[in-house]
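Written out below as structure tokens is the structure these notes cover.
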Amino acid sequence: MTPTIDRSKYVTLGVIWLLLLTMPYWLPMVGGYMALGTRVVIMGLAAMSLNFLLGFTGVLSFGHAAFFGLGAYGTGLALKYFTHSTPLALVLGVLLGGIAGAVLGALIVRRRGVYFAMVTIAFGQVFYFIAFRWNSLTGGDDGLRGFERQPIDFGVWQADILHRPILFYYFVLLLFAIGTGAMGFLLRSPFGRTLLAIRENERRARFLGVPIEQHIWLSFSLSCFFVALAGGMYALLNNFADPTMLNYTQSGEIVIMIVLGGIRSFWGPLIGAAIFVVLQDYLSSLTTNWMSFLGTIFVLMVLFFPRGVLGLNWTEMFRSVLGRSRQTRPQEGGNLS
Amino acid sequence: MAQVDRRTVLKAGAALAGSALATPAILTYGRGESPVKLGMVDPLTGVYAAVALSEVAGAKVAVEDINKKGGILGREVELLVEDSANNVGTGVQKARKLIDRDRVNCVIGDVNSAIALAMAGVTSEKGVLHIVSGGHTDAVTGKDCHWNVFRVCNTTTMDVNGIADTVIEKLGKKWYFLTPDYAYGHSVQDAFIRKLKAAGGEYAGDLVPLGTADYSAHLIKAKAYNPDVLINVMGGGDQVNSLKQFVGFGLNHQMAVSGTLFELESLRAVPPEALIGWWTMEWWWDQPDNPHVKVFVDKMRKATGHTPSARNWFGYTSVWTFALVANHAKSLEGVKLAHALEGFKLPPEVALQPGTPYYRPGDHELMSTMFAGEAHPAKGNPDNMFTVHSLVPGEKAAGPVAETGCTIHWS
């Protein structure tokens, strides 16, 4: 660990948070709008949650949309039937998605690789069809409606997150900070280091006496709790929840965001989500063939930059570019003179 | 003194070019006499793409028409089309984009009922007029109706009532249902059964999972029940597959087949042997007695190369509705427009059908005539695949407002 690497980490962190905190001020100037920025942050949290499992434990779940959707339905149903408190509804949504993930996780941790991915797809589709078919509770194909995010009362001051998109953005950003902070803290702990060891070499970790299944289960469950938080916020953003949120295609989108941004990097999935959401928004206004463009970009990324945008070693690249230019400069000058 | 090298110059050039690209976005605000903007959100990609693109084509022709005739309040009309990608989150986001960033005065869409319902939440909160062009679920102008939401296409219940009487009268009262097993299918079947019970008929039926490829088991049961009519509620590819197998089994010699919708876009996509059965058309192009329809058909054929479908008409009528009511109310304000639209009658050149359709005050549903008839392989004209047998007025099909479950709350 050289100090330069640490410094570059702090620079990344600083730039990301500066951009996120000032988003409401610069976004409209570049043609964006608040709902787009909020969606980037929410999908970013969803992608980072899945990457906790995929990038840092080395286990691919293709059914995370189910827990994303359960978080959304949990929050929506709570707001519709039990409570007028947005935070409480979110907590209930997170518990629904997280506990469902923990229970299912316990059933499937012994599977590996493609088998694990297939079982997660299957369980994900189970929840999709429950949401799709249970008309009386979930509204079926028409989606769950009839709830709205409620203003948050602080006693002296009421944050009207319903009518003021900026306040809702900062509410989402606060929860994003809590979620990513918790994930970062977990990954720095001995537990997180053990997850990395499992990712690098499961057999060796097992020989060292690490209870593998228990760790993968914990990682899966935690990841489900975080993705359910993202889902809950997504339901609040749209004031709506619908079955396609639980579909495996949604899981696929989250995986694409991770790969675009960088599978081994902590902040990569946020960048991937930003690229995906913004490109989708921008390209789909121009052409109905936007999926081809997005797909091409994805294929090119996978072929040439398999570690994603943040997986590139930017410092190394800058240094090599600068170094080369320093070497070539006299030559250029010579040619010019 | 520091030397300015080539690299710095290049970087500065790139930065300048970048800022030049970014500035138009800033400058578009604050212009004086800007066009009246109209936003349309439809699933241009995904399973509804064909019908959504038809709606957009109709809307574009309407915008051209309106601009030729002096625009809205003397200002030019501009249509902004956004793809909802058949995804609720994207649809809601696009509605916000159109309202927050592009400042549209009216939002049209979506074909997907769930997206239409979710968008209604945004448009009603923002106080913008919202015309649902092609999402059929009852809730849009029923339980989940909003003060600012008006709908051009029919409710599913209307589609059932549009054909049910014809089926009972002409085909018989013993029915067998082939119903897709989800909310839409259930509600359509229930509406059919209500009509049948009132007429004193009998029925049996099967609930079929979505995406079923093999209907033999269901068709054998239907054959054994020996009904007068097989009521086929399946949609899209399922509808086509089940109809082909229905004919393949020779059941068409034993019983009739009927259902709610078999849209022109679908009729075009199926092989001739599946062109069979009794259906409702929400609008049909072949109305020889109506000169306005001929003008519209020619216009659409010129613009798209195709004979217009009901979806073309939905898009066309949605845009015209906004233009007519804005010019009538001399305002672009959501609340004023919504009040003016209650009971608003469409003129014959926009209505393009017998009778005078109007937006019913109680639930904001357009009371338009339905065309019940029979599908058949094309005769002469390739788009002549349907013969209208009876016209059903909208009010009759819709039933009283009290039954819709809609109460309008003005905000």
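The listed protein sequences derive, respectively, from chains C and B.
Under the working numbering, think of the first position of the first sequence as 1, with each following residue one higher.
Under the working numbering, think of the first position of the second sequence as 338, with each following residue one higher.
Where is the CB? At the ideal position from N, CA and C, for every residue including glycine.
Closest by C-alpha distance to residue i, when choosing among the options
i, options, result
"B/Asn649", "B/Lys581, B/Pro372, B/Ala394", "B/Ala394"
"C/Phe191", "C/Arg203, C/Ala35, C/Gly179, C/Trp217", "C/Trp217"
"B/Ser655", "B/Gln430, B/Met456, B/Asn721, B/Leu416", "B/Leu416"
"C/Gln178", "C/Ile42, C/Trp157, C/Ser320", "Going by the sequence as given, residue 178 of chain C is Ile instead of Gln. Closest by alpha carbon: C/Ile42."
"C/Val103", "C/Phe67, C/Gly209, C/Leu13", "C/Phe67"
"B/Asp447", "B/Arg440, B/Thr460, B/Leu728, B/Lys480", "B/Thr460"
"C/Ser85", "C/Asp160, C/Val309, C/Ser265", "C/Asp160"
"C/Leu222", "C/Pro211, C/Leu77, C/Trp17, C/Ala46", "C/Ala46"
"B/Val594", "B/Ala554, B/Ile468, B/Asp565, B/Trp622", "B/Asp565"
"B/Asp379", "B/Asn424, B/Gly407, B/Gly537", "B/Asn424"
"B/Gly408", "B/Lys374, B/Asp420, B/Gln430, B/Met637", "B/Lys374"
"C/Gly101", "C/Val172, C/Ala89, C/Leu88, C/Ile121", "C/Ile121"
"B/Phe586", "B/Lys560, B/Asn569, B/Gln690, B/Arg605", "B/Lys560"
"B/Met592", "B/Tyr562, B/Lys480, B/Thr494", "B/Tyr562"
"C/Leu229", "C/Lys9, C/Leu79, C/Ile271, C/Leu96", "C/Leu96"
CB contact check: residue i to chain C, cutoff 8 Å
i, result
"B/Val429", "yes"
"B/Thr313", "Outside the modelled stretch of chain B, which goes from 338 to 748, sits residue 313 of chain B, for which no answer is possible."
"B/Glu702", "no"
"B/Ser371", "no"
"B/Met592", "no"
"B/Val425", "yes"
"B/Tyr521", "yes"
"B/Leu364", "Caution is warranted here: a pLDDT of 43 is assigned to B/Leu364, below 50, making its placement in the model unreliable, and the coordinate value is therefore given only provisionally. Not closer than 8 Å to any Cβ of chain C, the Cβ of B/Leu364 fails to qualify, so no."
"B/Arg433", "yes"
"B/Met338", "Since pLDDT at B/Met338 reaches only 43, below the 50 mark, its modelled position is unreliable, and the value read off the structure follows with that caveat. So, not an interface residue."
"B/Arg697", "no"
"B/Arg638", "no"
"B/Glu732", "no"
"B/Arg488", "no"
"B/Thr478", "no"
"B/Ala451", "yes"
"B/Asp437", "yes"
"B/Leu466", "no"
Close-in-space but distant-in-sequence residues of the same chain around residue i (CB under 7 Å, 5 per side omitted)
i, result
"B/Glu686", "His629"
"C/Thr249", "none"
"B/Glu370", "Arg412"
Cut-off 8 Å between Cβ atoms - residues of its own chain near residue i, not counting five sequence neighbours on either side
i, result
"C/Met255", "Sequence inspection shows Val at residue 255 of chain C; the Met mentioned does not correspond to that position. Excluding residues within five positions, the ones whose Cβ falls inside 8 Å are Leu50, Leu54, Leu60, Phe62."
"B/Ala362", "With a pLDDT of 45 at B/Ala362, under the threshold of 50, the modelled position of this residue cannot be trusted; read the value that follows with caution. Closer than 8 Å at Cβ, skipping near neighbours: no residue."
"B/Thr693", "Lys682, Leu683, Pro685"
"B/Val477", "Ser450, Ala453, Leu454, Ala457, Val469, Val486, Arg488, Thr492"
"B/Lys667", "Leu410"
"B/Val465", "Ile436, Val441, Asn442, Cys443, Val444, Asn485, Gly671"
"C/Pro87", "Ile152"
"B/Gly537", "Lys510"
Short CB-CB distance (under 8 Å) between residue i and chain B
i, result
"C/Asn49", "Note that residue 49 of chain C is Ser in the sequence shown here, rather than Asn. For C/Ser49, the answer is no, since every Cβ of chain B falls outside 8 Å of its Cβ."
"C/Tyr33", "yes"
"C/Met291", "yes"
"C/Ser251", "no"
"C/Ser337", "Confidence is the limiting factor: at C/Ser337 the pLDDT is only 36, short of 50, which leaves the residue's position unreliable and the question unanswerable from this model."
"C/Thr120", "no"
"C/Asn239", "yes"
"C/Asn135", "yes"
"C/Gly334", "Confidence is the limiting factor: at C/Gly334 the pLDDT is only 38, short of 50, which leaves the residue's position unreliable, though a coordinate-based value still follows. Chain B contact via Cβ: absent."
"C/Arg149", "no"
"C/Gly74", "no"
"C/Thr244", "yes"
"C/Gly140", "yes"
"C/Arg145", "yes"
"C/Ser284", "yes"
Rounded Cβ spacing between residue i and residue j (contact assumed at less than 8 Å)
i, j, result
"C/Ile263", "C/Arg307", "7 Å"
"B/Ala611", "B/Leu661", "The Cβ separation is near 39 Å, so there is no contact."
"C/Leu283", "C/Phe298", "The pair is not a contact, with the Cβ atoms about 13 Å apart (cut-off 8 Å)."
"B/Cys743", "B/Lys480", "7 Å"
"C/Asn238", "B/Val429", "4 Å"
"C/Phe123", "C/Pro243", "That pair is no contact at about 15 Å."
Same chain only: Cβ atoms within 6 Å of residue i, ignoring 5 sequence neighbours per side
i, result
"C/Val119", "Ile108, Arg111"
Q | the stretch 272-282 of chain C in contact with the stretch 156-173 of chain C per 3-pair CB rule at 8 Å | A | Touching, no, given that fewer than three Cβ pairs across the two stretches are closer than 8 Å.
Q. Would you call the stretch 166-177 of chain C and the stretch 551-563 of chain B touching, i.e. three or more CB-CB distances under 8 Å?
A. The answer is no - the stretch 551-563 of chain B does not touch the stretch 166-177 of chain C, with fewer than three Cβ pairs under 8 Å.
Q) For the stretch 28-43 of chain C against the stretch 193-211 of chain C, are there 3 or more C-beta pairs whose distance is under 8 Å? A) Segments in contact, no.
(Q) Taking 8 Å as the cut-off, does the stretch 631-639 of chain B touch the stretch 701-712 of chain B (at least 3 CB pairs, one atom from each stretch)? (A) Remark: fewer than three beta-carbon pairs, one from each stretch, lie closer than 8 Å, so the stretch 701-712 of chain B and the stretch 631-639 of chain B are not flagged as touching.
Q. Does the stretch 127-146 of chain C come within contact of the stretch 519-529 of chain B, defined as at least 3 CB pairs closer than 8 Å?
A. Contact holds: three or more Cβ-Cβ distances are below 8 Å.
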